[in-house]
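Visitor: Structure provided below as structure tokens; questions to follow.
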Amino acid sequence: MRWLVGVLIVLAVLWCGYWYAASRVAAMGIARVTAAVAARGNEAGCGTQAIAGFPLTLDVQCAGARFAGSDMSADLGQIGLVAPLYYPGHVEANLTAPLTFNAPAPGLAVTASWQTARATADVGLNGLSGASLQLAALSLQQSGDSLRLPFRNVSAEAAELVATPGTGDDYRVTGSARDLVIEPANGQKLPVLAGAVDLSALKFGRTLGTDIKQTLRSWIANGGGIDLTRLTLFLGAASVSASGPLTLSSAGLLSGTLTVRIVGMDQLPDIMEGIKPGTHDRVAQLVGAVSAFTRPVKTEEGEARETVLNIRDGAVRVGIIPVGRIPPLKL
Numbered sequence: 000m001r002w003l004v005g006v007l008i009v010l011a012v013l014w015c016g017y018w019y020a021a022s023r024v025a026a027m028g029i030a031r032v033t034a035a036v037a038a039r040g041n042e043a044g045c046g047t048q049a050i051a052g053f054p055l056t057l058d059v060q061c062a063g064a065r066f067a068g069s070d071m072s073a074d075l076g077q078i079g080l081v082a083p084l085y086y087p088g089h090v091e092a093n094l095t096a097p098l099t100f101n102a103p104a105p106g107l108a109v110t111a112s113w114q115t116a117r118a119t120a121d122v123g124l125n126g127l128s129g130a131s132l133q134l135a136a137l138s139l140q141q142s143g144d145s146l147r148l149p150f151r152n153v154s155a156e157a158a159e160l161v162a163t164p165g166t167g168d169d170y171r172v173t174g175s176a177r178d179l180v181i182e183p184a185n186g187q188k189l190p191v192l193a194g195a196v197d198l199s200a201l202k203f204g205r206t207l208g209t210d211i212k213q214t215l216r217s218w219i220a221n222g223g224g225i226d227l228t229r230l231t232l233f234l235g236a237a238s239v240s241a242s243g244p245l246t247l248s249s250a251g252l253l254s255g256t257l258t259v260r261i262v263g264m265d266q267l268p269d270i271m272e273g274i275k276p277g278t279h280d281r282v283a284q285l286v287g288a289v290s291a292f293t294r295p296v297k298t299e300e301g302e303a304r305e306t307v308l309n310i311r312d313g314a315v316r317v318g319i320i321p322v323g324r325i326p327p328l329k330l
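Numbering (numbering that gives the first Met the number 0) for the sequence shown: 0 to 330.
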């Protein structure tokens, strides 16, 4: 029995040393980052900083986080990083509002607030294997006499983005946003938006690697196959959803065939007129032409029209009718 007690004592001492060493590594890492920023003529730091969480987690708290450069500055209420020592490689970050960003030269000033902002990352020997971001009650406000960004206010009830290994050797990305309200800088009125995406990068591998751009280039060189399970955009009472196989070329151009379903197709001219005045008649003509290549179907959102989009190097057609072009994705 005494040997068991002795083993437990040794393990406890080793764990204490493990936690202390991890806390020292974290402190030195923060110091190195701060010094590197200062070496470039910028300033970064915390109003107050603390490392806690003993014995199971490493909990780094940075209240009053600030970055100041020659042409911009940013202030954040608080950053909290939690790394469970019993789950190596997993890190969770919780951000406390508000975030203010100022760039005086271009006259840019943005304030962001939220109820919840949580991000996670999983890192292994082969690099980043997964990440997520969750936001609740998000609000972005642009202030100043001259609005440099195309919006005045943006708000969303919730938004989420998740990247994680999928089935087999595929890699899956999902995302969603609810009750997205955008107030354009020009005063136009947009419908309430929502959206969701679920796609898999085929034969991508189970990690994003240590150099994500290089990992993407290697995947594209091996075919760049994408299984778009679903992409849905809600514009007020109307919605557009798409699904199907795609490929991405080294030039960033998409090709493939998508099945598209449109709910409230007859409302699109009025919706687009609100978004961009003067487009009603042109959109109405396009809707009328495309309707000839659709068929009625029933969906969860109601009656819809279904058609097939043929995409080749970014050029999109419905039947023989060209309907637009998808710009190249920059990697």
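Just so you know, even glycine gets a beta-carbon here, dropped at the ideal spot from N, CA and C.
Remember, predicted model here, so these are calculated numbers, not experimental data.
Quick one: what does DSSP say Gln-187 is sitting in, helix, strand or coil?
Guide: The residue labelled residue 187 in the question sits at position 188 within the sequence shown. Residue state, collapsed to three classes: coil.
Visitor: Can you tell me which of Gly-79, Val-191 and Phe-150 puts its alpha carbon nearest to the alpha carbon of Thr-56?
Guide: Start at 1 with the first residue of the sequence shown, and residue 56 comes out as number 57. Checked all of Gly-79, Val-191 and Phe-150; the closest Cα to Thr-56 is Gly-79.
Visitor: Out of Gly-126, Leu-146 and Ala-193, which one is the CA nearest neighbour of Gln-213?
Guide: As a working mapping, residue 213 is identified with position 214 in the sequence shown. Taking only the C-alpha atoms, the option nearest Gln-213 is Gly-126.
Visitor: Suppose contacts are defined by Cβ-Cβ distances below 8 Å. Is Ser-199 in contact with Thr-228 by that definition?
Guide: Here the question's residue 199 lines up with position 200 in the sequence shown. Here the question's residue 228 lines up with position 229 in the sequence shown. Yes, the pair counts as a contact, with Cβ atoms nearer than the cut-off.
Visitor: What does DSSP give as the partner residues of Asn-101 in its beta bridges?
Guide: The residue you call residue 101 lines up with position 102 of the sequence shown. Ser-72 and Ala-108, per the DSSP bridge assignment.
Visitor: Would you say Asp-58 reaches chain C, if we count a Cβ-Cβ gap shorter than 8 Å as a contact?
Guide: Looking for chain C here will not work: only one protein chain is present.
Visitor: Can you tell me which of the three DSSP states Lys-217 falls into?
Guide: To locate residue 217, count along the sequence shown from 1; it is residue 218. In the sequence under discussion, the amino acid at residue 217 is Ser, which differs from the Lys named in the question. Helix at Ser-217.
Visitor: Find out if the Cβ-Cβ distance for the pair Thr-95, Gly-129 is shorter than 8 Å.
Guide: Position 96 of the sequence shown, counted from the start, is the residue given in the question as residue 95. Position 130 of the sequence shown, counted from the start, is the residue given in the question as residue 129. Cβ distance not < 8 Å, so Thr-95 and Gly-129 don't count as in contact.
Visitor: With three or more C-beta pairs closer than 8 Å as the rule, is the stretch 215-229 touching the stretch 276-289?
Guide: Contact fails: fewer than three Cβ-Cβ distances are below 8 Å.
Visitor: Name the two residues that bound the continuous beta strand (DSSP E) containing Asp-58.
Guide: Mapped onto the sequence shown, residue 58 falls at position 59. Asp-58 -> beta strand (DSSP E) spans 56-67.
Visitor: Which residue comes first and which comes last in the alpha helix (DSSP H) that contains Ile-8?
Guide: In the sequence shown, counting from the first residue as 1, residue 8 sits at position 9. 1-38 is the extent of the alpha helix (DSSP H) around Ile-8.
Visitor: Do Arg-117 and Glu-156 have their CB atoms nearer than 8 Å?
Guide: Looking up residue 117 in the sequence shown gives position 118. Looking up residue 156 in the sequence shown gives position 157. Contact flag unset, no.
Visitor: Determine the direct distance from the alpha carbon of Ala-102 to that of Ala-108, and round the result to whole angstroms.
Guide: Along the sequence shown, read from residue 1 onward, the residue named residue 108 stands at position 109. Along the sequence shown, read from residue 1 onward, the residue named residue 102 stands at position 103. Approximately 6 Å, taken between the alpha carbons.
Visitor: For the candidate residues Arg-304, Ser-145 and Leu-160, whose alpha-carbon lies nearest to that of Ala-135?
Guide: Position 136 of the sequence shown holds residue 135. Among Arg-304, Ser-145 and Leu-160, the Cα nearest to that of Ala-135 is on Leu-160.
Visitor: With a threshold of 7 Å on Cβ separation, who are the neighbours of Gln-114 within its own chain once the five nearest residues in sequence on each side are excluded?
Guide: Counted from its first residue, the sequence shown places residue 114 at position 115. So the qualifying residues of the chain are Ala-135 and Ala-136.
Visitor: Going by DSSP, what residue range makes up the alpha helix (DSSP H) through Ser-248?
Guide: The residue you call residue 248 lines up with position 249 of the sequence shown. Per DSSP, Ser-248 belongs to no alpha helix (DSSP H) and is neither H nor E.
Visitor: Look at the alpha carbon of Gln-140 and the alpha carbon of Arg-177, and state the distance between them as a whole number of angstroms.
Guide: Working through the sequence shown from its first residue, we reach residue 140 at position 141. Working through the sequence shown from its first residue, we reach residue 177 at position 178. Gln-140 and Arg-177: Cα-Cα distance of roughly 18 Å.
Visitor: Near Thr-33, what residues of its chain come up, given a Cβ to Cβ distance below 8 Å and the 5 sequence neighbours on each side ignored?
Guide: The count along the sequence shown starts at 1 and reaches residue 33 at position 34. Ala-43 and Gly-44, listed in sequence order.
Visitor: Taking all protein chains shown into account, decide if Thr-293 is buried (16 or more other Cβ within 10 angstroms of its Cβ) or exposed.
Guide: As a first step, residue 293 must be located in the sequence shown, where it is residue number 294. The residue in question, Thr-293, is buried, as its Cβ has 16 or more Cβ neighbours within 10 Å.
Visitor: With DSSP collapsed to three states, give me the class of Asp-121.
Guide: As a working note, residue 121 is residue 122 in the sequence shown. Of the three classes helix, strand and coil, the one that applies to Asp-121 here is strand, per DSSP.
Visitor: Using only the alpha-carbon positions, how far apart do Val-196 and Ile-261 sit?
Guide: Stepping through the sequence shown from its first residue, residue 196 is reached at position 197. Stepping through the sequence shown from its first residue, residue 261 is reached at position 262. Taking the straight line from one Cα to the other gives about 16 Å.
Visitor: What's the gap between the Cα of Gly-46 and the Cα of Thr-256?
Guide: Here residue 46 refers to the residue found at position 47 of the sequence shown. Here residue 256 refers to the residue found at position 257 of the sequence shown. If you take the alpha carbons of Gly-46 and Thr-256, they lie about 53 Å apart.
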